[in-house]
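**Student:** Counting from 140, one number per residue, gives the positions in the sequence shown under the working numbering.
Note that beta-carbon positions come from the ideal geometry of N, C-alpha and C, so glycine has one too.
Quick caveat, the model's predicted, so the values are computed rather than measured.
Quick one: the structure is below, and I'll ask about it shortly.
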Amino acid sequence: MLVRIKPYLLAACLTAVPYVSASEPSQDAGQEAATSEDSSKYEATLNKFKQADETRPFFKGAYGYAVFPTVGKGGFGIGGSYGEGQVYRQGVHVGDSTLAQLSIGLQLGAQAYSEIIFFESKADYYSFTSGSFEFGAQASAVALTVGASAQAGSTGVGAQAGDNQTKANYINGMAVFTMTKGGLMYEASIGGQGFSFAPNNNYDGK
């Protein structure tokens, strides 16, 4: 059984931001440090995904992608996932996204993982950046392991390396890959994940 919840509602449940009083110079310095740390985090995550044979053709052929360096997921019957990410169009950062998921079902352990979603076309990119995109209940992703092929896409189509295989591995215009950061999970399901989107000045609109 899958229970869906809007991204902003789950975000409010899973996170809390305390109020901290500080002077303007301290705030500016903190913002610069946070920006630098974020840039390094996204760059490192993308580099890891690019090293996998399964994702290389998607980086070459996709119209864009969304990457989430850390998605936290709990287990033991009830799992809630939350993550913050960035959206790119042809290599350009166009906005930020929040991922949220609440599910009830057969799950074991707890897991933190990275996730990347490739958009096959401009229309698929706009679908995701509408701000109300959500994966269906049966959606699934590739759990990347070195040298291994897996099932990719929202209904499970084999993912293989090679430019000539790219198009065949998109399901409904998207291909999803995850990379475990720690813990153990019975299954890596993305069904019910919902996404918000906040554009920046690079976003081209529709």
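How many angstroms separate the CA atom of L277 from the CA atom of F267?
**Tutor:** The residue you asked about is not Leu; residue 277 is Gln in the sequence shown. Whole-angstrom Cα-Cα distance: 18 Å.
**Student:** How would you write the range of the alpha helix (DSSP H) that G200 sits in, first residue to last?
**Tutor:** Per DSSP, G200 belongs to the alpha helix (DSSP H) from R195 to G200.
**Student:** Is the separation between the beta-carbon of Y221 and that of A239 shorter than 8 Å?
**Tutor:** In this structure, A239 lies closer than 8 Å to Y221 by Cβ.
**Student:** Run the CB neighbour count on G234, radius 10 Å, all protein chains shown included, and call it buried at 16 or more, exposed below.
**Tutor:** It counts as buried.
**Student:** What number of angstroms, rounded off, separates the C-alpha of V210 from the C-alpha of N308?
**Tutor:** So the alpha carbons of these two residues sit roughly 23 Å apart.
**Student:** Using only CA atoms, which one of A262, F272, S253 and T317 lies nearest to L283?
**Tutor:** Comparing Cα positions, the closest option is T317.
**Student:** With distances taken Cα to Cα, identify the nearest neighbour of S253 among E223, S175, P338 and E273.
**Tutor:** Comparing Cα-Cα distances from S253 to each of E223, S175, P338 and E273, the minimum goes to E223.
**Student:** Pull up the CB-CB distance for F274 and G330, whole angstroms please, since I reckon it's below 8 Å.
**Tutor:** Correct: roughly 6 Å between the Cβ atoms.
**Student:** Give me the DSSP bridge partner(s) of F188.
**Tutor:** DSSP, once it has assigned bridges, lists no residue as partnering F188.
**Student:** So for F274, helix, strand or coil by DSSP?
**Tutor:** Coil at F274, not helix or strand.
**Student:** Is DSSP giving S178 helix, strand or coil here?
**Tutor:** Here S178 sits in helix by DSSP.
**Student:** Check whether the Cβ of K187 lies closer than 7 Å to any heavy atom of the ligand NAP, and answer yes or no.
**Tutor:** For the structure depicted, the ligand NAP is absent and the ligand set is empty, with no information on it obtainable.
**Student:** Taking the CB atoms as reference points, tell me whether S236 and S175 lie closer together than 8 Å.
**Tutor:** Going by C-beta atoms, S236 is not nearer than 8 Å to S175.
**Student:** Given a cut-off of 8 Å, decide if F257 and F197 are closer than it, judged by their beta-carbon atoms.
**Tutor:** Yes, they are a contact pair.
**Student:** Label E182 either buried or exposed according to how many other C-beta atoms from any shown protein chain fall within 10 Å of its C-beta, with 16 as the threshold for buried.
**Tutor:** The residue is exposed, with fewer than 16 neighbouring Cβ atoms inside 10 Å.
**Student:** When you compare only the Cα positions, how much space is there between G230 and N340?
**Tutor:** Spanning the two alpha carbons is a distance of roughly 15 Å.
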